[in-house]
Amino acid sequence: MPARAEYIWQFPKDHVIQSRNSKGAQMTGRLTRHIVLIGMMGAGKTAIGTELARRLRVPFTDSDIEIEAAAAMTITEIFARDGEAFFRAREAQVLARLLAGPAGVISTGGGAWMQPGNRDLIGASGMSVWLNCDPELLWQRVRQRQTRPLLQTADPKGTLLRLLAERSPVYATAEVEFVSRAGDSIESSALRLIAQLRATDPGLMKEA
Ligand SMILES: Nc1ncnc2c1ncn2[C@@H]1O[C@H](COP(=O)(O)OP(=O)(O)O)[C@@H](O)[C@H]1O
Ligand SMILES: O=C(O)C1=C[C@@H](OP(=O)(O)O)[C@@H](O)[C@H](O)C1
Ligand SMILES: [Mg+2]
1 MPARAEYIWQ FPKDHVIQSR NSKGAQMTGR LTRHIVLIGM MGAGKTAIGT
51 ELARRLRVPF TDSDIEIEAA AAMTITEIFA RDGEAFFRAR EAQVLARLLA
101 GPAGVISTGG GAWMQPGNRD LIGASGMSVW LNCDPELLWQ RVRQRQTRPL
151 LQTADPKGTL LRLLAERSPV YATAEVEFVS RAGDSIESSA LRLIAQLRAT
201 DPGLMKEA
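Here full-length UniProt numbering is used: position 141 in the sequence shown is 141, and no number is missing along the way.
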């Protein structure tokens, strides 16, 4: 039995177990591996991932939401109190735990794919999908919200563009690239993504 703090990070909380159980019957046999959404802040990993899982009737998890639940703190509070390195360690633990669970849609935080260990783990049991998004569209989506500590700088747009430039070559190593377009709704993006995933891997979704 791990110490209490490790237990909280590495194992699901009760509500996660229950939501998985209640959806388990629907889901069994439908996805042969996880669909793991990666990409920049504002690309729509959380929004499109939620809709994708709803349409596929598979469990949806988001590593940021899981971290916040385990810590009983917001991402902003975790960064402020414990720093980015602490957050990255927790993120890796949470991802490992989600990847060990039943196949579903997992939305990651924008920095998760930058860690080689995370990429290896995701590749072992999931299909990595890069939500690629135009820089201006990213900025329009993230500028409204103060929930991303990495963008709390004197020049948040410049920071976003710098991070995007640094990260894009690594994001591009994902198995699938999905281009998120300005005119598309979340719903139409999810439908287009399902079609693309089916075409990429016909064995990914098994009919129930
Ligand atoms: N077509 C779209 N695809 C994705 N997100 C969209 C779209 N249109 C509007 N949005 C909004 O943009 C934001 C995307 O943020 P989010 O899903 O949190 O991205 P991420 O998890 O990648 O940081 C959300 O507020 C979402 O409602
Ligand atoms: O890009 C990043 O390094 C981060 C992205 C955020 O998630 P979203 O990509 O869902 O906004 C969150 O994990 C944290 O603020 C760090
Ligand atoms: Mg998100």
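Just so you know, even glycine gets a beta-carbon here, dropped at the ideal spot from N, CA and C.
Owing to the predicted nature of the structure, the values given are computational and were not obtained by experimental measurement.
query	result
In whole angstroms, what is the alpha-carbon distance linking Ala165 and Tyr171?	10 Å
For ligand 3, any of its heavy atoms closer than 8 Å to the Cβ of Ser125?	no
Please report the residue range of the alpha helix (DSSP H) in which Glu177 lies.	Where Glu177 is concerned, there is no enclosing alpha helix (DSSP H), although the beta strand (DSSP E) it sits in stretches over Val176 to Ser180.
Suppose you measure from the CA of Ile67 to the CA of Gln93; what does that come to, to the nearest Å?	9 Å
How long is the line joining the alpha carbons of Gly110 and Glu207, rounded to whole angstroms?	31 Å
Below 9 Å between beta carbons: does that hold for Thr50 and Asp62?	yes
Given Gln115, which residues of its chain have a CB within under 7 Å of its CB, disregarding the five upstream and five downstream residues?	Arg88 and Ala92
Measuring only from the beta carbon, is Thr159 closer than 8 Å to any heavy atom that is part of ligand 1?	no
Name, in chain order, the residues that DSSP records as bridge partners for Ile38.	Trp130
Expressed to the nearest angstrom, what Euclidean distance is found between the alpha-carbon atoms of Arg90 and Met40?	19 Å
Can you determine whether any heavy atom of ligand 2 sits closer than 8 Å to the C-beta of Glu91, and answer yes or no?	yes
Tell me where the beta strand (DSSP E) around Asp62 begins and ends.	Phe60 to Asp62
By how many angstroms is the C-alpha of Ala154 removed from the C-alpha of Ala199?	43 Å
How would you write the range of the beta strand (DSSP E) that Ser107 sits in, first residue to last?	Val105 to Ser107
Rounded to the nearest angstrom, what separates Phe79 and Arg192 at their Cα positions?	35 Å
By the 10 Å Cβ neighbour count, where 16 or more other Cβ atoms means buried, how is Pro59 classified, buried or exposed?	buried
Nearer than 8 Å: is that true of the beta carbon of Ser63 relative to any heavy atom of ligand 1?	no
Taking its Cβ as the centre, do 16 or more other Cβ atoms sit within 10 Å of Phe86, making it buried, or is it exposed?	exposed
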